Amino acid sequence: MTGLKHARLRVILGENNTEKLTLPNGIPDSIDEFLSKWPEDFPVPRFSYDTELQLEKGNTEYQKSKKSPKRAEATFYPSFPVGETQESLEKVRLELLKEIQKRNNEGVIADKMARTFAYRRQEVVNQEPLVQDFMERWSALFREKEINAEFQRLVALPLEQAQLDKYSDQFIHIIQAKGGAK
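When we follow my numbering, the leftmost residue of the sequence shown carries the number -12, and every step to the right adds one.
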């Protein structure tokens, strides 16, 4: 150890979210030294019977309250970024509408689109907006770069690598069967 009896660290988790961490034995000189003090077995706490029943009841209620995904709906439903609320992300969305009017600011648009992904995703899953309404609210999404970025956010795979062309005949058949474009 570095000779300090203990060390206090400030851990920044988000823009307005910091935590204090105290290392009682100071900062280790190496990762090996840190891991050598790591316990081999972590004790699993035992709960009283009443507590176990409460936990089981809570888990059951949680499972029942989860929205069942519809056919072909991605189950990916991210939480808002740390420190963000629905109101703060709505402000970012409104800023985004102004930013798309400007030139040469693809980086700002990309940052705001990434920041509002969870808000946008929850809107799609919960409200199921009409495409026209969604295009008005999120017009930046309908740019080529943002379509590619959104695809990657959803499926963790670049759109170019998804090889969707080999499924185009099936897509057309499905769209026509649903009463879409002919």
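For glycine and all other residues, C-beta sits at the position ideal for the given N, C-alpha and C. Being a predicted model, the structure only gives us computed values, none of them experimental.
Closest residue to residue i among the options (Cα-Cα distance)
| i | options | result |
| --- | --- | --- |
| residue 85 | 124, 74, 112 and 69 | 124 |
| residue 80 | 65, 157 and 108 | 108 |
| residue 132 | 147, 142, 40 and 121 | 147 |
| residue 1 | -7, 17 and 71 | 71 |
| residue 130 | 163, 93, 44 and 112 | 93 |
| residue -7 | 76, 13 and 36 | 13 |
| residue 149 | 158, 157 and 138 | 138 |
| residue 112 | 23, 65 and 127 | 65 |
Which residues DSSP lists as bridging residue i, in chain order
| i | result |
| --- | --- |
| residue 4 | 1 |
| residue -6 | 10 |
Backbone CA spacing between residue i and residue j [nearest angstrom]
| i | j | result |
| --- | --- | --- |
| residue 11 | residue 90 | 53 Å |
| residue 104 | residue 17 | 38 Å |
| residue 144 | residue 134 | 12 Å |
| residue 115 | residue 121 | 9 Å |
| residue 95 | residue 78 | 15 Å |
| residue 27 | residue 50 | 33 Å |
Neighbourhood of residue i by C-beta distance below 7 Å, restricted to the same chain and skipping five residues each side
| i | result |
| --- | --- |
| residue 82 | 99 |
| residue 160 | none |
| residue 67 | 76, 105 and 106 |
Beta-carbon contacts of residue i that lie in its chain and below 8 Å, excluding the five residues immediately before and after
| i | result |
| --- | --- |
| residue 136 | 97, 100 and 101 |
| residue 39 | none |
Beta-carbon proximity list for residue i, same chain, < 6 Å, skipping 5 on both sides
| i | result |
| --- | --- |
| residue 3 | 70 |
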